[in-house]
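4 protein chains.
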Amino acid sequence: MATKEEIIEFLAREFPQSKCLVEQVGNGSATVVHHVGTDHLRPGNTVSGPLLMTVADVALYVAILGAIGIVPLTVTASLTINFLRKPSPNNPITGVCKLIKVGRTLAVGEVSLYSDRDEAMVAHAVGTYSIPTRRS
Amino acid sequence: MATKEEIIEFLAREFPQSKCLVEQVGNGSATVVHHVGTDHLRPGNTVSGPLLMTVADVALYVAILGAIGIVPLTVTASLTINFLRKPSPNNPITGVCKLIKVGRTLAVGEVSLYSDRDEAMVAHAVGTYSIPTRRS
Amino acid sequence: MATKEEIIEFLAREFPQSKCLVEQVGNGSATVVHHVGTDHLRPGNTVSGPLLMTVADVALYVAILGAIGIVPLTVTASLTINFLRKPSPNNPITGVCKLIKVGRTLAVGEVSLYSDRDEAMVAHAVGTYSIPTRRS
Amino acid sequence: MATKEEIIEFLAREFPQSKCLVEQVGNGSATVVHHVGTDHLRPGNTVSGPLLMTVADVALYVAILGAIGIVPLTVTASLTINFLRKPSPNNPITGVCKLIKVGRTLAVGEVSLYSDRDEAMVAHAVGTYSIPTRRS
């Protein structure tokens, strides 16, 4: 297990380019927030799909590190995302991950993505991460 | 239908931040290339998952615009990606899209992603795009 | 909207071969149960993947009919399922669907699949259904 | 590696209820065919989604057994299917699998599903199978 502070310190060191803020982690869940800038918009005055995928991926990674500890080589094995509603260009994107399974070599979780957190989710993702087996 | 030149001009105008180069488009297919910089790396000296998802998404978008013409509000409805092998940090990522269906309101395609183009694909994606119905 | 009784009567008439029992429907959710017979087992003394996919698909269909009424030509557009744990051959499979979006032409939901309902889910699915537009 | 005859004999013994015929297997691919009976139809006079998922799953299983040999406990880890066109109730369903990766613990393949083989595919699937590690 890793604490929120340990994960924030790890991400700042290993992913200095990441603009995702870790808001909560623990109990098989995580919440991360990504600001939306003009770089992330697309025609229709909405947020690009790849930004939503990025937030989903980071939310999963953070939730899994929270559950298994800092295992940097844990990598995404698959991700499925469904886009449901048009996010506002004026809100950050929030990703809320709940882990479904944390096995020895595979972790699975789902992520609800929000634009306005008081409204319905804008996208939903399910992802699997491969956990390297620690050989002794 | 849109030509490669029309799509390149459209992307430069509407997605100026995009770093994906359009190499080929037409006949229900497209090839796009994205350079890999230090911003796109992750622990393990490999390429981040979100960059691969971005290339898959752009390859689909370009192939669809090639097939239906410049319809900017065509948006990703879903994407599923499987990560298969570790990309080299030294190669750009190439995405090769083949459309499976181009319907009136939905287009579906698959994307093979390569690091070294002479070797096996590093990831595989299937995506669906929603095409706005043009009301008259 | 359709009631549980209306859906049971519809399924019995249109899908007489279906062995899924509708246990609950309403409020954007549904619970269905499928018995497990020797026909549904596979090597490893566990339940076959296709049976789990069938239960996921039916749970989505029932939840959607509950939300939009009996629209028989509502059809699956996509389904993604992750298999998480080995179901027991001695328990029926229960599928619990929660709808994420019910739009005019598309409905999306997720399904948790259980063998022993008191234990962790054995599989998780996300599906989209296409709703025919009712032209007048 | 397993031959077509070995796989047919294995399926007949372990999945006697299966109605999928193995038409071709080898070179990282497989073709299987499933007849369509009244049990497999649904409103709209078309083939039910679960039958298409079943054929996709079997095509993957057969292609993988062809590549790695008869390893019965190889099990589906995930499957994503997109339904593209309405199959005819009068044709069998053909599934053509091409493997994308055969690793030590995971195999990935895609499946094109056909109603009339001379026409466009009716559905497309991507699946992953987990291969048990053979401990010595």
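Protein chains in written order, with my numbering: chain A, 2 to 137; chain B, 2 to 137; chain C, 2 to 137; chain D, 2 to 137. All residues carry an ideal CB built from backbone N, CA and C; glycine is no exception.
Residue i CB to nearest heavy atom of the ligand PLP below 7 Å
i: Val109 of chain C; result: Questions concerning the ligand PLP fall outside what the structure shown contains, since it holds no ligand whatsoever.
Among the options, nearest to residue i - alpha-carbon criterion
i: Asp117 of chain D; options: D:Thr106, D:Ser131 and D:Val97; result: D:Val97
i: Val103 of chain A; options: C:Lys99, C:Leu100, C:Ala121 and C:Ala3; result: C:Ala121
i: Ser131 of chain B; options: B:Tyr115, B:Leu42 and B:Leu107; result: B:Leu107
i: His125 of chain A; options: C:Ala3, C:Val109, C:Thr134 and C:Leu42; result: C:Val109
i: Val76 of chain C; options: C:Pro17, C:Ile9, C:Glu10 and C:Thr134; result: C:Thr134
i: His41 of chain D; options: C:Pro44, C:Asp119, C:Phe16 and C:Phe84; result: C:Phe16
i: Arg14 of chain C; options: D:Ile9, D:Glu7 and D:Arg43; result: D:Arg43
i: Gly38 of chain D; options: C:Thr55, C:Gly38, C:Gln18 and C:His36; result: C:Gln18
i: Thr95 of chain B; options: B:Ile8, B:Leu12 and B:Asp119; result: B:Asp119
Assigned exposure category for residue i - 16 Cβ within 10 Å defines buried
i: Arg105 of chain C; result: exposed
i: Pro93 of chain A; result: buried
i: Leu114 of chain A; result: buried
Cα-Cα separation between residue i and residue j, rounded to whole angstroms
i: Ser137 of chain D; j: Ala57 of chain B; result: Bear in mind that the predicted position of Ser137 of chain D carries a pLDDT of just 42, short of 50, making it unreliable; the figure below should be weighed with that in mind. One C-alpha to the other measures close to 40 Å.
i: Leu53 of chain B; j: Ile82 of chain A; result: 14 Å
i: Gly128 of chain C; j: Ile101 of chain A; result: 17 Å
i: Glu6 of chain B; j: Val59 of chain B; result: 16 Å
i: Leu85 of chain D; j: Glu10 of chain B; result: 31 Å
i: Met2 of chain C; j: Thr4 of chain D; result: 52 Å
i: Lys140 of chain C; j: Leu74 of chain B; result: Because chain C in this structure spans residues 2 to 137, residue 140 of chain C falls outside the shown range and cannot be described.
i: Leu12 of chain B; j: Leu12 of chain A; result: 32 Å
i: Leu80 of chain A; j: Ile8 of chain B; result: 28 Å
CB-CB length for residue i against residue j, believed under 8 Å
i: Ala78 of chain B; j: Val26 of chain B; result: Not quite, the Cβ-Cβ distance comes to about 21 Å (not below 8 Å), so this is no contact.
i: Val112 of chain B; j: Leu61 of chain B; result: 6 Å
i: His36 of chain B; j: Thr55 of chain B; result: Between Thr55 of chain B and His36 of chain B the Cβ distance is about 12 Å, and since that is not below 8 Å, they are no contact.
| query | Just checking, does the segment 70 to 90 of chain D make contact with the segment 18 to 32 of chain D on the three C-beta pairs under 8 Å criterion? | reply | no
| Just checking, does the segment 67 to 74 of chain B make contact with the segment 53 to 71 of chain A on the three C-beta pairs under 8 Å criterion? | no
| task | Please confirm if the segment 40 to 50 of chain C is in contact with the segment 20 to 27 of chain C, defined as three or more CB-CB distances below 8 Å between the two stretches. | result | no
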